[in-house]
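Chains as they are written, first to last, in the numbering used here: chain A, 1 to 207; chain B, 1001 to 1207. Each remark here refers to the structure printed beneath this line.
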DNA sequence: GCACATAATGAACAGTGTTCATTCCATGGC
DNA sequence: GCCATGGAATGAACACTGTTCATTATGTGC
């Protein structure tokens, strides 16, 4: 074979990519239904009709499967956040929508959120840089929203970075609470989220 | 033996409680250092010099060990929070001190905090009632602080529970961020904490 | 038809949480 | 002192986990 891009090679690659997608689809469904820890490689293999070992031809390890799913999902979040940050209208209201979007995303995709933002401190070397990169890009949109609020003179604070980080803490906090303390008798979720957003927005608004 | 409370029985009970505490101590240390998932029953058993099976004479399962540790941490925090909630002075300022104390506790005891508040999701049917109870009691002080703010007419919101939970989310968020994202280029820590507290307090203050 | 490269396999390995028949041993009665 | 008793401790065993790797199958190019 003198060419790397023969007809047959292309076909093989397509088939390989197909199985990869089947594995991802199976894993996505099982993770969402039963949680990451409860889903074994063998369960994923069975669901997509291949042997356990085969999965390791497509993914380095179990974590990489979750990472791949996260990458997909976070691409969506990044897109939504970026879209909002480019909207017109009152900057503070844009900031509120941005926060709402962020929180909603975390609540809707708890496992993806945990992997990217909720890693334990003791873990050595932790997750891949790609995971962090995706998360940081989402934060950038929030930063831009705060920036435009300040430029419109609507901020009570001088330091944009400071406010952006405080807002991140707030939204991150409510997501983590709702995710990890699901058993706690929280007030109705939407109402709690709106109150938190209101508190945060009114807390940074210029007087 | 005609009495259930003989001298010998008391001694046996004391020895049993001692081993229980040794197991807890070993588990607390290992969980904090390596994380819940990475610590096996056998590792705990080895560290406190007993057989794996012995642990199941003192705890129903691995989750129950974590629950017991969480209870301890809740107790410490509850004590500190309760002390502040009984202080005198401006209610909103008391609330600010309360939040500061909570955040400081988390930052000072990152591993305990993580073990108690940062557990992964997906737990089937979630935690025991004992965990809920401990959490409620700990949260009660914050609730009381918010309550007295409202009674003093200093609250912009009507629902005390709602505000208390939103404040919890905010403080929890900054603790988790500072702990789990230690590598992120945060603004100077004290300044970030004070800004966040300021944002929250000003966000709920009556106009 | 044959050789070759790659994909797929599934048994095997070291680990996990948990169980349970067995052993140990301090205690109480004689 | 000796023995029976009952709870505490054991550790082998079970069914599972993520992961590896020698082996097998399969589609491709000549």
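Glycine included, every Cβ here is placed at the ideal spot set by N, Cα and C.
With respect to chain A, the C-beta atom of residue 1092 of chain B has no partner C-beta closer than 7 Å.
Of all residues in the segment 1178–1195 of chain B, those with a C-beta nearer than 7 Å to a C-beta of chain A are 1179, 1180, 1182, 1186, 1187, 1191, 1192 and 1195, reading in chain order.
For residue 36 of chain A, no alpha helix (DSSP H) encloses it, and the DSSP letter there is neither H nor E.
In the three-state scheme derived from DSSP, where H, G and I count as helix and E and B as strand, residue 1205 of chain B is classed as strand.
When C-beta distances to chain A are compared with 8 Å, the residues of the segment 1036–1049 of chain B below that value are 1037, in chain order. Leaving aside the five residues that flank residue 1171 of chain B on each side, the residues in its chain whose CB is nearer than 7 Å to its CB run, in chain order, 1099, 1102 and 1103.
Using beta-carbon distances, residue 135 of chain A does not count as an interface residue toward chain B, since no partner is under 7 Å. For residue 81 of chain A, the nearest beta carbon of chain B is not closer than 7 Å to its own beta carbon.
Contact of residue 69 of chain A with chain B by beta-carbon distance below 8 Å is absent, the smallest such distance being about 15 Å. When secondary structure is reduced to three states using DSSP, residue 1155 of chain B falls in the strand class. Taken in chain order, the members of the segment 158–171 of chain A whose beta-carbon sits within less than 9 Å of a beta-carbon on chain B are 159, 161, 162, 163, 165, 166, 167, 168, 169, 170 and 171.
Remark: C-beta atoms of residue 131 of chain A and residue 67 of chain A approach each other more closely than 7 Å. Residues of chain B with a Cβ closer than 9 Å to the Cβ of residue 65 of chain A do not exist; the shortest Cβ-Cβ separation is about 16 Å. In terms of beta-carbon proximity, residue 204 of chain A lines the interface with chain B, with at least one pair separated by less than 7 Å. For the pair residue 138 of chain A and residue 95 of chain A, the CB atoms are not nearer than the 7 Å cut-off. The contact set of residue 1153 of chain B on chain A, defined by CB atoms closer than 7 Å, is empty, because the minimum CB distance reaches about 17 Å. For residue 1103 of chain B, not one C-beta of chain A is nearer than 7 Å to its own C-beta.
Relative to the Cα of residue 165 of chain A, the nearest Cα in the group A:184, A:142, A:177 and A:193 belongs to A:142. Going by DSSP, residue 1108 of chain B is part of the alpha helix (DSSP H) stretching over 1091–1108. Put simply, the backbone Cα of residue 1177 of chain B is about 30 Å away from that of residue 40 of chain A. Neighbours of residue 1200 of chain B in chain A, taken as residues whose beta carbon is under 7 Å from its own, are 199 and 203 in chain order.
Within its own chain, the residues whose Cβ lies closer than 8 Å to the Cβ of residue 1097 of chain B, once the five positions on either side in sequence are excluded, are 1084 and 1087, listed in chain order.
CA-to-CA, the gap between residue 1062 of chain B and residue 179 of chain A works out to about 21 Å. When C-alpha distances from residue 1135 of chain B are compared across B:1175, B:1076, B:1157 and B:1190, the shortest belongs to B:1076. The beta carbon of residue 1059 of chain B sits closer than 6 Å to the beta carbons of 1065 from its chain, once the five residues preceding and following it are set aside; these are given in chain order.
Within a 10 Å sphere around the beta-carbon of residue 116 of chain A sit 16 or more other beta-carbons, which makes this residue buried.
A direct Cα-to-Cα measurement between residue 186 of chain A and residue 193 of chain A gives close to 11 Å. Taking 9 Å as the cut-off between beta carbons, none of the residues of the segment 1051–1062 of chain B comes near chain A. Cβ contact annotation for residue 1154 of chain B (same chain, cutoff 7 Å, sequence separation greater than five): 1091, 1092, 1205 and 1206, in chain order. For the C-beta of residue 1132 of chain B, the chain A residues within less than 9 Å are, from N- to C-terminus, 183, 184 and 185.
Of the residues assessed, residue 81 of chain A falls on the buried side of the cut-off, its CB having 16 or more other CB atoms within 10 angstroms.
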